[in-house]
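2 protein chains.
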Amino acid sequence: MGKIKIILADDHQILLDGLSSILELQEDICVAGIYTNGLAMYADIKNTMPCIALVDINMPGLNGHELTLKIKKEFPEIKVIALSMFDDITHIMQLIKAGASGYLFKNTNNDELLKAIRAVADGGTWFSAGVTDKVAAFIKAEKSRQYDPVAPALTGRELEILKLVAMEYSNAKIADSLFISERTVETHRKNMLRKTNHKNMVGLLKYAFDNHLL
Amino acid sequence: MGKIKIILADDHQILLDGLSSILELQEDICVAGIYTNGLAMYADIKNTMPCIALVDINMPGLNGHELTLKIKKEFPEIKVIALSMFDDITHIMQLIKAGASGYLFKNTNNDELLKAIRAVADGGTWFSAGVTDKVAAFIKAEKSRQYDPVAPALTGRELEILKLVAMEYSNAKIADSLFISERTVETHRKNMLRKTNHKNMVGLLKYAFDNHLL
DNA sequence: TAAAAAATACCTTTTACGGGGTATTTTAAT
DNA sequence: ATTAAAATACCCCGTAAAAGGTATTTTTTA
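Sequence order for the protein chains is D and X.
Numbering that gives the first Met the number 0 applies: residue 0 is where the first sequence begins, and numbers increase by one.
Numbering that gives the first Met the number 0 applies: residue 0 is where the second sequence begins, and numbers increase by one.
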């Protein structure tokens with residue numbers, strides 16, 4: 000069986016050097032290209048046609064997400080492992096949706112790194128422990144946040160206020176519009192946030208639109 | 000030509016008495032029903048089958064908007080004139096969309112009231128001066144706010160931040176997620192608001208969704 | 001290579017919002 | 001008629017956000 004051909008992209012040369020030195024020691028892995036930015040990797044990828052592209056997600060120019068999208072679109076058979084400082088769910092979901100087969104943190108130890116590369120080369124996936132936890136929690140939260148038939152509906156007055164919030168009215172202006180006290184508006188807002196378990200009007204409005212309340 | 004048959008709904012008896020006494024003096028108008036709430040008017044409307052329903056929009060139980068929707072759905076030929084303390088564009092648009100042929104303020108003088116009733120009975124519409132001004136301004140603002148191809152797009156970083164805002168992240172949390180300073184987040188938010196002429200994140204997010212930026 | 005744009009970061013002040021409650025009146029439901 | 005829910009209004013406090021700027025560095029564009 001041939002060696003696992005891998006290419007690397009990261010804007011930090013030191014990290015590239017470190018990665019490269021680790022990987023070159025492996026009998027079954029060969030590093031076919033090293034790039035300090037996404038554009039360079041993308042420009043050269045049809046020449047290297049690697050099995051795996053290991054990409055830092057935070058690069059200037061073409062970032063890891065954009066690079067992954069492009070790679071998977073043109074070369075779906077090339078697998079991508081994202082490398083990140085972030086443990087933020089937004090980036091994780093973004094890269095997974097873009098088709099990454101793996102997501103590792105930059106502080107991943109060498110052993111896990113190698114395991115991940117081999118698993119992905121073998122057709123599998125590898126996400127750091129924290130990543131899978133976050134994804135599970137995120138999906139769970141999303142499901143409980145999307146259309147929730149059990150959640151108490153908002154009252155007519157609450158929705159009326161929410162519509163004005165959506166129109167960027169301040170509490171004072173809402174109060175003027177509805178001929179009620181600003182305190183009353185504050186209480187309605189507070190009640191809506193509490194009812195729907197949201198932190199702010201942004202989230203609440205999204206909830207209202209998602210549930211066709213507005 | 001027959002008299003204009005009209006029915007009235009308002010939760011303030013005094014106002015009903017006043018309206019009724021004015022209208023009964025007119026040779027061409029007859030008051031066929033007087034109700035202190037929307038439900039009562041709705042329940043009786045097929046018995047009265049008036050030409051015009053004059054309805055206060057702020058009533059308990061069935062408010063003027065809901066009442067108008069029901070009336071126009073079941074009896075599209077019955078015309079509705081909304082009567083309101085509000086000069087708020089939300090209610091105005093709401094009632095117009097519900098099919099009201101007129102929108103008057105409660106401080107409208109008798110002369111205008113009669114003119115409105117006659118115009119509407121004649122198949123026309125009648126909106127108080129302030130109403131038409133507000134509607135025009137509102138539509139103009141909406142048009143300039145909806146998909147605006149000339150408006151500068153938001154940058155990649157700005158959109159990244161906006162996505163996190165949409166997820167109810169605080170500035171601090173956004174900063175942590177993106178490994179940048181909270182001040183930087185503040186500046187990006189400020190810049191986006193300024194670019195798109197919005198007052199707050201709520202409006203900006205709506206703009207972003209409307210323009211398919213998110 | 002130079003210019004422009006984007007990204008970053010900081011400062012101050014003001015305003016608005018969120019979070020913690022309680023209480024009374026009005027309206028709706030039973 | 002009674003109870004429950006909704007609507008109203010108030011209080012206090014702390015923090016977040018918005019608004020007003022400026023400045024430097026990095027990246028992108030021409």
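Ideal Cβ positions, reconstructed from N, Cα and C, are used throughout, including at glycine.
Note that the structure is a prediction, hence the values are computed from the model and not measured.
Proximal chain X residues relative to residue i, where beta-carbon distance stays under 8 Å
| i | result |
| --- | --- |
| D:K105 | Within 8 Å Cβ-Cβ: nothing; D:K105 doesn't reach chain X, min ~11 Å. |
| D:K45 | Per Cβ cutoff of 8 Å: no residues; D:K45 is ~25 Å from chain X at best. |
| D:H197 | E167 |
Residue from the options whose Cα sits closest to the Cα of residue i
| i | options | result |
| --- | --- | --- |
| X:A52 | X:G60, X:T154, X:L66 | X:L66 |
| D:M213 | D:D132, D:R156, D:N190 | Per the sequence presented here, residue 213 of chain D reads as Leu, with Met not at that position. Closest by alpha carbon: D:R156. |
| D:A31 | D:D121, D:L204, D:L24, D:P49 | D:P49 |
| D:K105 | D:T195, D:L177, D:G17, D:M200 | D:G17 |
| D:N46 | D:F74, D:V130, D:A165 | D:F74 |
| D:M191 | D:K162, D:I179, D:K172 | D:K162 |
| D:T154 | D:F126, D:G63, D:A207 | D:A207 |
| D:G37 | D:G122, D:K172, D:P59 | D:P59 |
| X:Q25 | X:G1, X:H64, X:E76 | X:G1 |
| X:E76 | X:G122, X:E185, X:H187 | X:G122 |
| D:H211 | D:A152, D:Y34, D:F126, D:D87 | D:A152 |
| X:M92 | X:F126, X:A174, X:K198 | X:F126 |
| X:A39 | X:E185, X:E23, X:G63 | X:G63 |
| D:H11 | D:I173, D:T35, D:D209, D:E23 | D:T35 |
Contact under 8 Å by Cβ, residue i with residue j
| i | j | result |
| --- | --- | --- |
| X:K69 | X:Y41 | yes |
| D:I3 | D:D27 | yes |
| D:D9 | D:D55 | yes |
| D:A81 | D:L61 | no |
| D:A97 | D:K71 | yes |
| D:H90 | D:S83 | yes |
| D:N170 | D:E159 | no |
| X:G129 | D:E167 | no |
| X:N109 | X:I21 | yes |
| X:L204 | X:A165 | yes |
| X:S176 | D:D132 | no |
| X:I33 | X:L14 | no |
Element boundaries [alpha helix (DSSP H), containing residue i]
| i | result |
| --- | --- |
| D:K4 | It is not in any alpha helix (DSSP H) - D:K4 instead sits in the beta strand (DSSP E) that spans 3-8. |
| X:D209 | 200-209 |
| X:L66 | 63-73 |
| D:H187 | 181-195 |
| D:S20 | 12-23 |
| X:N109 | 109-120 |
| D:M40 | 37-47 |
| X:G155 | 155-165 |
| D:A152 | First-last for D:A152: undefined, no H or E at that position. |
| D:S176 | 170-177 |
Proximal chain X residues relative to residue i, where beta-carbon distance stays under 9 Å
| i | result |
| --- | --- |
| D:N36 | Those do not exist, as D:N36 stays about 15 Å from chain X at its closest Cβ, beyond 9 Å. |
| D:M84 | F178 |
Neighbouring residues, chain X, relative to residue i (Cβ below 7 Å)
| i | result |
| --- | --- |
| D:V201 | V164, A165, E167, M200, V201, L204 |
First through last residue of the beta strand (DSSP E) which encompasses residue i
| i | result |
| --- | --- |
| D:S83 | 78-83 |
| X:L103 | 101-104 |
| X:G32 | 28-34 |
| X:D55 | 51-55 |
Proximity test, residue i beta-carbon vs the ligand COA heavy atom, cut-off 7 Å
| i | result |
| --- | --- |
| D:G98 | Judged by which ligands are present, the structure shown has none, so any question about the ligand COA falls away. |
Amino acids of chain D, ordered along the chain, whose beta-carbon sits closer than 7 Å to that of residue i
| i | result |
| --- | --- |
| X:D87 | S176 |
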